[in-house]
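Report on the following structure.
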Amino acid sequence: MQNPANLAIREMLAADINLIADYWLTSNPAFLVSMGVDLAKLPTREGLTNMLQAQLQAPYEAKQTYALIWMMDDKPAGHCNVNQIVYGKQAFMHLHLWQPENRQKGVGSELVKKSLPYFFENLRLKELYCEPYALNSAPNKTLEKVGFVFEKQYTTIPGTLNFEQEVKRWKLTKEQYLKIIPEV
1 MQNPANLAIR
11 EMLAADINLI
21 ADYWLTSNPA
31 FLVSMGVDLA
41 KLPTREGLTN
51 MLQAQLQAPY
61 EAKQTYALIW
71 MMDDKPAGHC
81 NVNQIVYGKQ
91 AFMHLHLWQP
101 ENRQKGVGSE
111 LVKKSLPYFF
121 ENLRLKELYC
131 EPYALNSAPN
141 KTLEKVGFVF
151 EKQYTTIPGT
161 LNFEQEVKRW
171 KLTKEQYLKI
181 IPEV
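In structure tokens:
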């Protein structure tokens, strides 16, 4: 595993928008499908850029999505975002390492832990959920390792870019998050 000292988190900046768009629009289609993405639902670059620009300008209380950039060795390496935000209550988290060589190396759990304060504190969350594709083992292992609690497996369309699929729902409460904080 990478030295955790080389890992950092920051809020998304305007300069990151093209990096996120590139991830969605230039990733290997087979990889995207393995995450549960319906390729026909991918937005245009302009649509994605406009949505992310709006996210940057909205106050925390009004955000529909909120993105963080995962840094490795001082370089952007992925993003973690929440959507379906009910400010002061709950949100749904998504995790994305952009480069294949950084995946399945154990850094995801450290990056998720470092992301939690941004979500719980800035959005005043009581609950944070994550519903990865049941067949995508990496995020499911990461969530368990971080301390999320498995709730159920069921069939749904978990997001605007997804096809109908089996997902595993994981939940972390504010109380559970506060116990994880000393490890961050």
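Residue numbers (full-length UniProt numbering): 1 to 184.
We treat Cβ as the ideally placed atom computed from N, Cα and C, and that holds for glycine.
None of these values were measured; they are calculated from a predicted model.
Handout entry: Beta-carbon proximity list for residue 129, same chain, < 6 Å, skipping 5 on both sides
Key = Here the set comprises 92, 171.
Practice task
Thinking residue 211 and residue 16 are a contact (beta carbons under 8 Å), I'd like their distance in whole angstroms, please.
Solution key: Since the first residue shown for the chain is 1 and the last is 184, residue 211 is missing from the structure and cannot be characterised.
Practice task
Work out the CA separation of residue 83 and residue 122 for me, nearest whole Å.
Solution key: Straight-line spacing of the CA atoms in residue 122 and residue 83 works out to 14 Å.
Handout entry: Distance, residue 46 Cα to residue 107 Cα
Key = For the pair residue 107 and residue 46, the Cα-to-Cα distance works out to about 31 Å.
Handout entry: Contact between the region 8-24 and the region 51-67 (3+ Cβ pairs under 8 Å)
Key = Contact holds: three or more Cβ-Cβ distances are below 8 Å.
Problem - Span separating the alpha-carbon of residue 48 from that of residue 33 - result: Here the alpha carbons of residue 33 and residue 48 stand approximately 19 Å from one another.
Handout entry: Whole runs of the beta strand (DSSP E) within the region 3-52, excluding any shorter than 3 residues
Key = When DSSP assignments are scanned along the region 3-52, the uninterrupted stretches of beta strand (DSSP E) that are 3 or more residues long and fall wholly within it turn out to be 7-11.
Exercise for the section: Check whether the Cβ atoms of residue 90 and residue 126 sit closer than 8 Å, and answer yes or no. Expected result: Yes.
Problem - Length of the line joining the Cα atoms of residue 131 and residue 181 - result: Between residue 131 and residue 181, the C-alpha separation is close to 22 Å.
Handout entry: Exposure label - residue 40; buried when at least 16 CB within 10 Å
Key = The residue in question, residue 40, is exposed, as its Cβ has fewer than 16 Cβ neighbours within 10 Å.
Problem - Residue range of the unbroken alpha helix (DSSP H) whose run includes residue 176 - result: Counting along the chain, the alpha helix (DSSP H) containing residue 176 begins and ends at 174-180.
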